[in-house]
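If you're matching positions, the sequence shown starts at 21 in the numbering used here and goes up one per residue.
Yeah, the Cβ is synthetic: ideal placement off N, Cα and C, and Gly gets one too.
These figures come from a predicted structure and were not determined experimentally.
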Amino acid sequence: MKLHRSRFLALSLGIAAFASSAFAAESGFKSIFNGKDLSGWAGQKDFWSVRDGALTGQTTAENVLKSNTFLVYQDAKPANFELRAQFKLTAQNDKNQANSGVQYRSKMVDAATFVVGGYQADIDSTGRYAGMLYEEKGRGIVMGPGEKIKIGGTAADPANAKKKKTTVEKLPGATPPAEILAAYKLGEWNEIVIIANGNHLQHFLNGKLTADVTDNDSENSSKSGVIALQLHQGPPMTIQFKNVRLKNLP
21 MKLHRSRFLA
31 LSLGIAAFAS
41 SAFAAESGFK
51 SIFNGKDLSG
61 WAGQKDFWSV
71 RDGALTGQTT
81 AENVLKSNTF
91 LVYQDAKPAN
101 FELRAQFKLT
111 AQNDKNQANS
121 GVQYRSKMVD
131 AATFVVGGYQ
141 ADIDSTGRYA
151 GMLYEEKGRG
161 IVMGPGEKIK
171 IGGTAADPAN
181 AKKKKTTVEK
191 LPGATPPAEI
201 LAAYKLGEWN
211 EIVIIANGNH
221 LQHFLNGKLT
231 ADVTDNDSEN
241 SSKSGVIALQ
251 LHQGPPMTIQ
261 FKNVRLKNLP
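Written out as structure tokens, the structure reads:
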């Protein structure tokens, strides 16, 4: 096909601009999964493998987990960063129950069974908890999906004087859960983005803000730690991650 010179030049400039924009969007990011094997990651090999170019965690009726386990990234314990990845979570059970998550700024609790605790961007098979902040082995559920909150510390729990309760203030600017659910492709590939900068934490699911947290709880907050991928105990399920990229922030 013969193109007019001016049209050819415009097309070439357009392609170049697109390529430049795409590169700029990923500038500073490093791939932390090679797409072939578990190099740089550690976990229980009875449950974790690489399948179809993706980090894959799976439980079956014959291979059951007694407690949550994690695939842990070995090469860094980042503080301020942006993490991008694609995930697909599927349940192989009649109840459609499956749960996973991406741990960050976390610490090893049990090295033998690869159990970690800390911040988690939650993932579940129904969208009920998708993208919210959960703290594994810590403060637990401190918010719902899409909320913008400020964690102010701990105070005596009126319901139990021996315990302390995390104080949480809900702020304006939340994403309606219905918007998150509409954007979430259940059982298909989705993109998750985590940004941790100082005490400000943000999660995005397919471009939707699912968590915006300012953590002022100096006793329980974390400044740095491992990145890890969760395989949850329970009915048979499969979680996969691919295109995992990390960018350190100042």
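- Query: Which runs of the beta strand (DSSP E) spanning at least 3 residues fall entirely within the stretch 34-111, listed in chain order?
  - Reply: If we require 3 residues or more, the beta strand (DSSP E) runs fully inside the stretch 34-111 come out as 68-71, 74-79, 89-93, 101-111.
- For E239, three-class secondary structure by DSSP: Along the sequence shown, read from residue 1 onward, the residue named residue 239 stands at position 219. If DSSP states are grouped into helix, strand and coil, E239 belongs with coil.
- Query: Nearest CA to the CA of S69: which residue from S87, N268, Q260, P270?
  - Reply: As a first step, residue 69 must be located in the sequence shown, where it is residue number 49. Its Cα nearest to that of S69, the residue Q260 stands out among S87, N268, Q260, P270.
- Would you give the residue range spanned by the beta strand (DSSP E) that L201 belongs to? To locate residue 201, count along the sequence shown from 1; it is residue 181. Boundaries for L201: no beta strand (DSSP E) harbours it, while the alpha helix (DSSP H) harbouring it runs 197-203, taken from the DSSP string.
- Query: So what's H223 in DSSP terms, helix, strand or just coil?
  - Reply: Counted from its first residue, the sequence shown places residue 223 at position 203. H223 falls in the strand class under three-state DSSP.
- Message: For Q123, list the residues DSSP reports as bridge partners.
- Response: One-based indexing of the sequence shown puts residue 123 at position 103. When beta bridges are read from the DSSP output, Q123 appears opposite Q140, A248.
- Task: Return the first residue and the last residue of the beta strand (DSSP E) that D177 is part of.
- Result: For the purposes of this step, residue 177 is taken as the residue at position 157 of the sequence shown. Where D177 is concerned, the enclosing beta strand (DSSP E) stretches over 168-177.
- Task: Compute the beta-carbon to beta-carbon distance between G166 and L229, rounded to the nearest angstrom, for a pair I have assumed lies under 8 Å.
- Result: As a working mapping, residue 166 is identified with position 146 in the sequence shown. As a working mapping, residue 229 is identified with position 209 in the sequence shown. Right, the Cβ-Cβ distance comes to about 7 Å (below 8 Å), so this counts as a contact.
- Put Y154 into one of helix, strand or coil per three-state DSSP. Counting from one through the sequence shown, the residue named residue 154 turns up at place 134. Y154 falls in the strand class under three-state DSSP.
- Task: Please go through the same chain and pick out, in chain order, the residues whose beta-carbon is closer than 7 Å to the beta-carbon of E155, but skip the five residues on each side of it.
- Result: On the sequence shown, residue 155 is found 135 positions in, with the first residue counted as 1. Only G138, Y139, Q140, V162 meet the Cβ criterion.
- Item | Exposure label - A39; buried when at least 16 CB within 10 Å | Here residue 39 is taken as the residue at index 19 of the sequence shown, counted from 1. In this predicted model, A39 has a pLDDT of only 40, less than 50, meaning its place in the structure is not dependable; the value taken from the coordinates is given anyway. Exposed is the call here.
- Message: Please return the same chain residues whose Cβ sits closer than 6 Å to the Cβ of V213, not counting the five positions on each side in sequence.
- Response: Sequence index remark: in the sequence shown, residue 213 carries index 193 (1-based). For V213, where only same-chain residues beyond five positions count, the Cβ hits under 6 Å are R104, F224.
- Item | Status (buried if at least 16 other CB within 10 Å, exposed otherwise) for G77 | Working through the sequence shown from its first residue, we reach residue 77 at position 57. Result: buried.
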